[in-house]
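Presented below is the structure to which this report refers.
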Amino acid sequence: MAKVGTIELARISARGVVQGVGFRPFVYQLATKYNLKGWVCNTSEDVKIEVQGESKDVKHFLSELQDNVPPLASIEHITVTYHPPVDYTSFEIRHSIAEEGKYQLVSPDIATCPACLKEIFSPKDRRYHYPFTNCTNCGPRFTIIEDIPYDRPKTTMRSFIMCPDCQAEYDNPLDRRFHAQPNACPKCGPRLELLDARGNHVETSDVIAAASQLLKNGKILAIKGLGGFLLACDATSEKAIQLLRQRKRRPFKPLAIMIADMEEARRHCYISEAEEKLLTSQQSPIVLIRWKPESTVCQAVAPNLKYLGVMLPYTPLHHILLREMGLPLVMTSGNISEEPIAKDNDETIRRLSGIADYFLVHNRDIYARYDDSVTVIERGEVQLTRRARSYAPYPIHLPFTAKQVLGCGAEEKNTFCLTKDSYAFISQHIGDMENLETLEHFQNTLALYKKLFRIEPEIIAYDLHPEYLPTKYALELGSQFSHLKLVPVQHHHAHIVSCMVDNNVENPVIGVALDGTGYGSDGHIWGGEFLVADYKAFQRMGHLEYLPLPGGSVAIKRPYRTAIGYLLKLLGEDSLSTKLAFLKQVDAVEIELIKRQIQTGLNSPLNSSLGRLFDAVSALIDVRGEIDYEGQAAVELEMIAYDAGDDSYPYSITEHDGTNIIQLKELLSAIVKDLYQGVSKATISARFHNTVAQMICEMCQLIARKTGINRVALSGGVFQNRLLLRKVVPLLESTGFSVLTHKQVPCNDGGISLGQAVIANFS
Ligand code: ZN
Ligand code: ZN
Ligand code: FE
6 MAKVGTIELA
16 RISARGVVQG
26 VGFRPFVYQL
36 ATKYNLKGWV
46 CNTSEDVKIE
56 VQGESKDVKH
66 FLSELQDNVP
76 PLASIEHITV
86 TYHPPVDYTS
96 FEIRHSIAEE
106 GKYQLVSPDI
116 ATCPACLKEI
126 FSPKDRRYHY
136 PFTNCTNCGP
146 RFTIIEDIPY
156 DRPKTTMRSF
166 IMCPDCQAEY
176 DNPLDRRFHA
186 QPNACPKCGP
196 RLELLDARGN
206 HVETSDVIAA
216 ASQLLKNGKI
226 LAIKGLGGFL
236 LACDATSEKA
246 IQLLRQRKRR
256 PFKPLAIMIA
266 DMEEARRHCY
276 ISEAEEKLLT
286 SQQSPIVLIR
296 WKPESTVCQA
306 VAPNLKYLGV
316 MLPYTPLHHI
326 LLREMGLPLV
336 MTSGNISEEP
346 IAKDNDETIR
356 RLSGIADYFL
366 VHNRDIYARY
376 DDSVTVIERG
386 EVQLTRRARS
396 YAPYPIHLPF
406 TAKQVLGCGA
416 EEKNTFCLTK
426 DSYAFISQHI
436 GDMENLETLE
446 HFQNTLALYK
456 KLFRIEPEII
466 AYDLHPEYLP
476 TKYALELGSQ
486 FSHLKLVPVQ
496 HHHAHIVSCM
506 VDNNVENPVI
516 GVALDGTGYG
526 SDGHIWGGEF
536 LVADYKAFQR
546 MGHLEYLPLP
556 GGSVAIKRPY
566 RTAIGYLLKL
576 LGEDSLSTKL
586 AFLKQVDAVE
596 IELIKRQIQT
606 GLNSPLNSSL
616 GRLFDAVSAL
626 IDVRGEIDYE
636 GQAAVELEMI
646 AYDAGDDSYP
656 YSITEHDGTN
666 IIQLKELLSA
676 IVKDLYQGVS
686 KATISARFHN
696 TVAQMICEMC
706 QLIARKTGIN
716 RVALSGGVFQ
726 NRLLLRKVVP
736 LLESTGFSVL
746 THKQVPCNDG
756 GISLGQAVIA
766 NFS
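Start counting the sequence shown at 6; every next residue gets the next number (this note's numbering).
Printed below as a string of structure tokens:
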């Protein structure tokens, strides 16, 4: 008889992303493998496990539990305690327990897995062409969950009763769909429906084939996806795209496209290994990739740009539709200009009926709006420029234990951030907070996060800008609830701290915060800022010189105004020569008005923004004088740049009361001179980029000499400029600096809420 080893009972608590990701069946199978008895159970806080058996088996179980977790699961924290054995006779999966005040991490929605994909395209499978196929390794999560623990009754799947086949899968611990909450099939699950522009049912035997035909005929369809509706049209049809642009009132804003598979994607773009990995990842985000000139995707998809926003299908519906189509599709957020993405069927038909010709809808409700995430690969690393689908609500890890704080975020590209324990829960991209619909989206999403993660903030952080909607929201909260502590945070300090946290850095850095607009501590508009900063405080060590923006916000929409203002201020009235091509497009009356504004300072706020300098140069050399979307003038200036070696323009740095100011007169004068001499726009743009990189490096050297700090954090929307990043990072590194750039958190205003929340933790 074999010698019986010691019997022991281990009690385990596993935290992290461990629910709704096939974790319990994994535990069940592992326990069975090692002949252990006991149970596993989801609670609001963790997954609890008790296993009893021979000590060597328990040991093996524990090591495999941590080493071989299912693809979507991750254990962040595990505790094991040992107890006297009890009389377990089997291993079972117990019912979930809800516990007051406890929380756990929630998995984001994940792209269709290879196993499900295979079923969808196997004619004999019972899920052949079924657009809502999913399993514990893929499918909707965050967008359908209303509360934790994650169980079907707490999701928008509760109205669908599983058929016997689905129920059998759901109950079988050895099945891929064991406790897959959104489990469904054509017999029992959600269904598609095609509606016309007025919302009337369109009779058809095959909804996806009919939708595909309509798209091929140049129609615009609103398609319900995971986190909202996307507007789709044929990406190779100039006519369809122009129609969509006209109806959306968006002449230039780049549109994302969806491509059936990698093979097709390679026909349209140059794709690196890292980009392929990202495109085909579980997150399946939009990746900005270099566009091939021979691509059949129309220029009108992304006018004047060299990069195309590409994603692969991430739901079964997309996979089936794209295969049926055999053509790339434009897939852009289903909204009117600045409103949030539409999610409910009735709401969508009301809001989008002027844009979409047809609606491809289904009857699985969406609980959380969820835009597509946008990424780039730069220097081999992933950078998020819009953090939403498949990334949120997974938290960022903090290098300290946090209080319960809400950071309300900035106005553009808003996100909010809640901190608790060692986590920062940054919301998915909310949008531009310029209307009540977006504010409502902000409030609903905030309520959901507070509920899911059991957070009741005691500190509220907000931007200094008095006109930002999130700032008004924070102040309103403060006046309603007197126990709340309100902490105002300067915009660029928040940018730099978000970059520090993104890199897990706590010690003071030289913060280079370059963006379009941020409210300064002195009431002026900042945006070309050189700080020394940590989580507690910052000191403004230097900045671009203050220059007037004639007309304020009007100048942001019409960069030619900024260019004229800068010329007048720096080079005088004579510089407005008729030989400058860009002036020909400006009305003489408006020029006179601008002159008066500059002379009197009326409605001409002072700003030190590098984003505005990019605008001014773009307009001055006649690349872009009026814009349709934020950053357009700067982006188009970046796109035309053509290698000019190391040539650059002169500028000077002066010191006032210990602050270094970058003076721009020589720079502007040299660009005008180049224009007169017929130097190409491509060369001027490249020289300008070189100059900015040098300015940044020289300023950092001056600050390093004063402070001894040699770590530089780069943040702010300007760093979405890939050309600038490619020039400035090596330059700084070769000068001996270590350089922090953004990774998981956007460098644009989408990262502001994180910085605010962290700074408020230390206030
Ligand atoms: Zn799957
Ligand atoms: Zn079924
Ligand atoms: Fe900013």
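Cβ atoms here follow ideal geometry from the backbone N, Cα and C, with glycine treated the same way.
Model, not experiment: these values are computed from the prediction.
According to the DSSP assignment, Pro-493 belongs to the beta strand (DSSP E) that extends over 490 to 494. Within the same chain, Cβ atoms closer than 8 Å to the Cβ of Glu-343 are found at Gly-436, Asp-437, Glu-439, Asn-440, Thr-443, the five residues on either side in sequence being excluded. With a cut-off of 7 Å, the C-beta of Asp-507 is classified as distant from ligand 3, since no heavy atom of the ligand falls inside that distance. Under the three-state reduction of DSSP output, Asp-349 falls in the coil class, being neither helix nor strand.
Take Cys-303, set aside five residues on each side of it, and the residues of its chain with a beta-carbon closer than 8 Å to its own are Ala-240, Thr-241, Ser-242, Glu-243, Ile-246, in chain order. Restricting attention to beta strand (DSSP E) runs no shorter than 3 residues, the stretch 198 to 252 encloses them at 226 to 229, 234 to 239, ordered along the chain.
Taking non-hydrogen atoms of ligand 2 into account, the C-beta of Ala-189 is found less than 7 Å away from one of them. Secondary structure at His-65: helix, using DSSP grouped into helix, strand and coil. By a beta-carbon distance limit of 8 Å, Leu-615 contacts Gly-532. Their separation comes to about 6 Å.
Annotation for His-88 indicates a beta carbon at 7 Å or more from all heavy atoms of ligand 3. Under the DSSP assignment, Gly-483 falls in the alpha helix (DSSP H) whose first and last residues are 474 to 485. Note on Pro-400: 16 or more other CB atoms within 10 angstroms of its CB, so buried under the neighbour-count rule. In the DSSP assignment, the residues bridged to Thr-659 are Ile-666. With a threshold of 7 Å, the Cβ atom of Cys-143 counts as near ligand 1, since some heavy atom of the ligand is closer than that. In this structure, DSSP gives Lys-678 a helical state, which the three-state scheme calls helix. Around the CB of Leu-14, 16 or more other CB atoms lie within 10 Å, so the residue is classed as buried.
Looking at the backbone, the Cα of Tyr-93 and that of Phe-405 are separated by about 41 Å.
Put simply, of Ser-427, Val-492, His-548, Cys-413 the residue whose alpha carbon is nearest the alpha carbon of Ser-758 is Cys-413. A distance below 6 Å between beta-carbons, with the five flanking residues on each side excluded, links Lys-490 to the following residues of its chain, in chain order: Ile-464. One alpha carbon belongs to Cys-702, the other to Ala-499, and they sit about 22 Å apart. Around the beta-carbon of His-488, fewer than 16 other beta-carbon atoms lie within 10 Å, marking it exposed. The shortest CA-to-CA distance from Gly-528 to any of Cys-504, Ala-538, Val-510, Gln-495 is the one to Gln-495.
Cβ-Cβ distances below 7 Å link Arg-157 to Arg-163, Gln-186 in the same chain, with the five nearest sequence neighbours on each side left out; the list follows chain order.
Put simply, the backbone Cα of Ser-623 is about 18 Å away from that of Pro-259.
Residue pairing by DSSP places Lys-53 opposite Ser-18, Cys-46 in a beta bridge. In this chain, the beta strand (DSSP E) harbouring Gln-409 covers 401 to 412. Remark: C-beta atoms of Leu-411 and Ala-361 do not approach each other more closely than 8 Å. Leu-607 is classed as exposed because its beta carbon has fewer than 16 other beta carbons within 10 Å across all chains shown. Gln-544 has Val-537 as its beta-bridge partners, per DSSP. Beta bridge pairing from DSSP links Phe-96 with Gly-43.
When C-alpha distances from Ser-217 are compared across Tyr-155, His-134, Met-267, Arg-328, the shortest belongs to Arg-328. In this structure, the beta-carbon distance from Phe-96 to Ala-36 falls below 8 Å. Within the chosen limit of 7 Å, ligand 1 does not reach the beta carbon of Cys-274 with any heavy atom. In this structure, His-82 places its C-beta atom within 8 Å of the C-beta atom of Arg-20. The Cβ-Cβ distance between Lys-221 and Val-366 does not fall below 8 Å. Here Cys-171 is actually not in contact with Cys-140; their C-beta atoms are around 11 Å apart, not less than 8 Å.
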